[in-house]
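Each remark here refers to the structure printed beneath this line.
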Amino acid sequence: MSWQVYPLAFRLLSPLHIGYRKVGNLQQTRGYVTGRALWAAVTSRVTRDALPAASGADYQRIGQKVNQQFRFTYLFPALNADGPAHHPWADEATFAYRFLDSYASTALDYGQQSAAEGLLHEVEFISPRARPLDGEAPSQVFLLGRLYVRDELDDELAGWQTALARLQLGGERGYGWGRLALAAALATPEQMELPAPLVQVQRGQPITAHALAAHAADRRAVSDVRGPVEPLVGWERNNRGAGGNWRLSEALICYAPGSIVAADATFAIGPDGVWHAAAA
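Read in order, the letters of the sequence shown are residues -10 to 269 in our numbering.
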């Protein structure tokens, strides 16, 4: 099986919130874009472009095709379109200062002429402009990663390059958040002749995506990784017709990005960008 490999460089045009956890009134963001968030954005844009009157079943069908024929790495912030990428685990304080900000809001109680009790909330985001260090000027933030595309694509996915040029992802999209634009035209891709895209990580180096810590369906857990473990979940459309329009996805138990590899290892990239043990 053959894959085409494209380097990706997006310009971040508006605040970006990738849901992580809630601490008090603060909705924290992850310091990177997960493969699942990128998959959802590509699926949404490709479907709307191909089928302006798309139904829920159309989104589900095209989403499955994107899962089968694309592989996404995680995207990390950078100060230049050609890198290097900045990882939140390398220096958490500096990363937070340079790339993160937050927005606070509340509902008003007009009768009391004050903020409504219990409705104050704050949303953290990756800022489209990086704070300067040591007298630097504020700079544009880019998001860098890689995209793997099968050589032979389904006809419904033919417009994927056009879709990639105008993505919106993450939370608060109704307020204009999460808008991306390609920093440059896609370069001529490399070719990879493998059943699945692989990533090699040397001993002592961090992983740059979630990696399975427990077996999931037909994917095997990785070994020789040391670091925090967390359940990876997200909201997905409920196509079973009961319990509302949305539901939480089944949890994947994963090592978090930044966990350290204890021995040289090769990982396979799954449909959601999550790494799993490569086939022997």
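Note that the Cβ used here is the ideal one computed from N, Cα and C, for glycine as well.
Three-state secondary structure (DSSP) at residue i?
i, result
"R162", "helix"
"I7", "coil"
"Y92", "strand"
"E125", "coil"
"L183", "coil"
"T255", "strand"
"Y21", "coil"
"R240", "Contrary to the premise, residue 240 reads as Ala rather than Arg in this sequence. The answer is coil: DSSP assigns A240 none of H, G, I, E or B."
"Q150", "helix"
"A74", "strand"
Indicate whether residue i and residue j have their beta-carbon atoms separated by less than 9 Å.
i, j, result
"M181", "V(-6)", "yes"
"A74", "A185", "no"
"R34", "Y137", "no"
"P66", "A119", "yes"
"L158", "L169", "yes"
"W28", "L183", "no"
"V22", "L171", "no"
"F88", "S116", "yes"
"Q247", "I196", "The question names Gln, but residue 247 in the sequence shown is Gly. Result yes, Cβ atoms of G247 and I196 sit closer than 9 Å."
"W166", "S44", "no"
"E219", "S238", "no"
"A176", "Y63", "no"
"Q58", "R139", "yes"
"G160", "I7", "yes"
"L142", "S91", "no"
Determine which residues share a DSSP beta bridge with residue i and list them.
i, result
"L133", "A(-2) and F65"
"W264", "A200 and I258"
"E219", "C243"
"P195", "I249"
"L108", "DSSP, once it has assigned bridges, lists no residue as partnering L108."
"S116", "The partner list for S116 (beta bridge, DSSP) is empty, contrary to what the question assumes."
"Q157", "R168"
"F59", "V138"
"S(-9)", "E182"
"R208", "A205"
"L15", "V12 and E111"
"V49", "Note on identity: in this sequence residue 49 is Gln, with Val being the wrong assignment. Note: Q49 sits in no beta bridge, so no partner."
"V35", "Note: V35 sits in no beta bridge, so no partner."
Verify the contact flag: residue i, CB atom, against every heavy atom of the ligand COA, threshold strictly below 8 Å.
i, result
"L237", "Absence of the ligand COA from the depicted structure is noted, as is the absence of any ligand whatsoever, leaving it without description."
Of all the options the options, which has the alpha carbon lying nearest to the alpha carbon of residue i?
i, options, result
"R155", "R87, A174 and Y92", "A174"
"V31", "A176, S238, A79 and W149", "W149"
"V222", "A26, G167, V12 and Q189", "A26"
"R192", "Y86, L142 and V250", "V250"
"D47", "A254, E145, L68 and G167", "E145"
"G216", "Q194, Q49 and R209", "Q194"
"Q189", "N69, V211 and L68", "V211"
"A254", "N69, D207, E81 and D213", "D213"
"V112", "D71, Q17 and R37", "Q17"
"Q129", "A(-2), V263 and D143", "A(-2)"
"A257", "R208, G134 and A42", "R208"
"A152", "V263, A79, A39 and Q58", "A39"
"A79", "S91, A70, G20 and Q57", "G20"
"E125", "K11, D261, L68 and H265", "L68"
"L5", "L122, F114, A147 and D123", "F114"
"P(-4)", "A70, P127, A42 and V263", "A70"
"T95", "E81, Y86 and H110", "H110"
Answer yes if the stretch 239 to 256 comes into contact with the stretch 189 to 208, meaning at least three C-beta pairs across the two stretches below 8 Å, and no otherwise.
yes
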